[in-house]
Structure formats: C-alpha cells, structure tokens
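Asks: Residue numbers (the working numbering): 3 to 243.
No residue lacks a Cβ here, since even glycine has one placed at the ideal position from N, Cα and C.
For clarity, every value in this text was computed on a predicted model and none was experimentally measured.
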Ligand SMILES: [Zn+2]
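(1) Starting from residue 153 and walking both ways along the alpha helix (DSSP H), at which residues does that stretch end?
(2) According to DSSP, simplified to helix, strand and coil, what is residue 217?
(3) I need the straight-line Cα distance from residue 133 to residue 227, nearest angstrom please.
(4) Mapping the DSSP letters down to three states, classify residue 122 as helix, strand or coil.
(5) Sorry if obvious, but does the Cβ on residue 121 come closer than 7 Å to a heavy atom of ligand 1?
(6) Just to confirm, does residue 127 get its C-beta within under 7 Å of one of the non-hydrogen atoms of ligand 1?
(7) On the CB-based measure, 16 or more other CB atoms within 10 Å of its CB, does residue 56 come out buried or exposed?
(8) Since residue 190 contacts residue 88 with CB under 8 Å, what's their CB separation in whole angstroms?
(9) Assign residue 131 to buried or exposed, taking buried as 16 or more other Cβ atoms, counted over all protein chains shown, within 10 Å of its Cβ.
(10) Return the chain-ordered list of same chain residues with a C-beta closer than 6 Å to the C-beta of residue 110, the five sequence neighbours on each side being excluded.
(11) Since residue 136 is in the beta strand (DSSP E), which residue starts that stretch and which ends it?
(12) For residue 30 and residue 231, what's the separation of their Cα atoms in angstroms?
(13) Does any residue of chain B have a CB that is nearer than 8 Å to the CB of residue 128?
(14) Restricting to Cα atoms, I'd like to know which of 163, 160, 200 is closest to residue 177.
(15) Report back the beta-carbon spacing between residue 23 and residue 104 to the nearest angstrom; my notes put them in contact at under 8 Å.
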C-alpha cells in the first residue's frame, strides 16, 4: 500500500495534473453508485434500462416518472470534503482540471472551476427539436405534479442533459482524451475504471495515481495506489501538498 506522502510528492512534482472522478467521490454525499445498484432509490431498478435512450423514446412519461426522485436526490445533495479538497488543490495550482463521470454538479458547487462533465449534468434539460433549455428542478416539480412528460412550447419532449445509455459520446470525451494525453499526472478518484470509454483514459496518461475504495482495472499500472474513501484521503492529502 502506498502512502499519502508519496501521492503528495507526485502531485507537487507534476506540472500538469488532471483528476478523473467517478461515483466514489459522491458516495459520501449520499449518492449511491448507480452503476452498481443495491442501495436506496436504485435498488429496485436497472439503471441501464431506466436511464436509456430507448426507455425515453418508448415511454417518456414513464422515464420521467421513474427518474424524477433520483434526479431530485442528486440535484439536491451537497458537496462533501472530497469535492472541497479538490477545489482547494485547484486553487493552490496543484490541479489543472477535473474530468468527471458524475452528473451531480458537486465539483462546481464545491468551487472547482475547470470541470469537464463527460456524462453531462442534471442542471438542465433540453428540447431535442428546438434546443430550448429548462432548469431541472422546476421541470421535476412539473413531472411530480402530473404534468408529464414535460413538453416544450414547440411540442417536443424535454430530455435531461445527461448521456443516456445508447447515446453517442459527447465532444467532452474528445477533450478529456486530449487532456489525458498531455498531462504529467492523472489522479483517478473514486472510479473502478470499469466503464468504457472512461477506462481508456487512464492508460493514455504518462503517470497514474489512484484513490479508490475497491480494486480498479488499472491498479497494476498505477505509480501510487491508495485504498480509501475519497473524502478522507483527499483531506489528508491537503495537509501534505
Ligand atoms: Zn422545443
């Protein structure tokens, strides 16, 4: 097991550090990892089925009815000490930016400025026909009140601005790959690196460090590997970096 001091040394030596975050950075904010159901809201459903493009087109009212409590929980959760620690590392000039798989906006709400959301976000929904955008929370209230599916003035049905299973990859992925290729250090936090295409980012970086509670697909190529909760490890890292 590597130490936080070793990670701090890598971080201070690096001129260009990119952070890649997954669900593990938000579990301490009460958001379960929706790729591995078994807790809370997610236990009764298969996210691959629920959050899919085909589910939305097949029955948009059902899609919104089932998504509403989950989106609401994510949209109303609070950043944790891991998010705040990453924002602090950016302010100190030790982190250039964050690539995140999360759709909860918690990095921005903790104060991180440079965040690339490769799976989109839950701040807004948009109309696929005319491109109109709506804030998510009022839209969720509309769905909860029975005005469902939520429609645009043009008649189109709103969809969340997240990447659904079956969607093509957003441009943000290309930028994430460009960033990963040129950075000195990629610090992976709270991701098991199992989900394609994010898992392909890690091997493209010249140096890799990993903070994760469980095993990841890239443990053997990591220069530093720390098993632990994201918030706790990142907070300790602040004391050394
Ligand atoms: Zn429209």
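Replies: Well, looking at it:
(1) Judged by DSSP secondary structure, residue 153 falls outside any alpha helix (DSSP H); it is assigned neither H nor E.
(2) Note: residue 217 maps to coil in three-state DSSP.
(3) Computed Cα separation, rounded: 43 Å.
(4) Per DSSP, reduced to three states, the secondary structure at residue 122 is strand.
(5) No, Cβ of residue 121 sits at least 7 Å from all heavy atoms of ligand 1.
(6) Distances between the C-beta of residue 127 and the heavy atoms of ligand 1 are all 7 Å or more.
(7) That one is exposed.
(8) For a cut-off of 8 Å, the C-beta gap from residue 190 to residue 88 is around 12 Å, too long to register as a contact.
(9) Residue 131 is exposed by the Cβ-count criterion.
(10) 117, listed in sequence order.
(11) Element bounds for residue 136: 135-137.
(12) Here the C-alpha atom of residue 30 lies approximately 8 Å from the C-alpha atom of residue 231.
(13) Looking for chain B here will not work: only one protein chain is present.
(14) The shortest Cα separation from residue 177 among 163, 160, 200 belongs to 200.
(15) With a Cβ gap of about 6 Å, residue 23 and residue 104 count as contacting.
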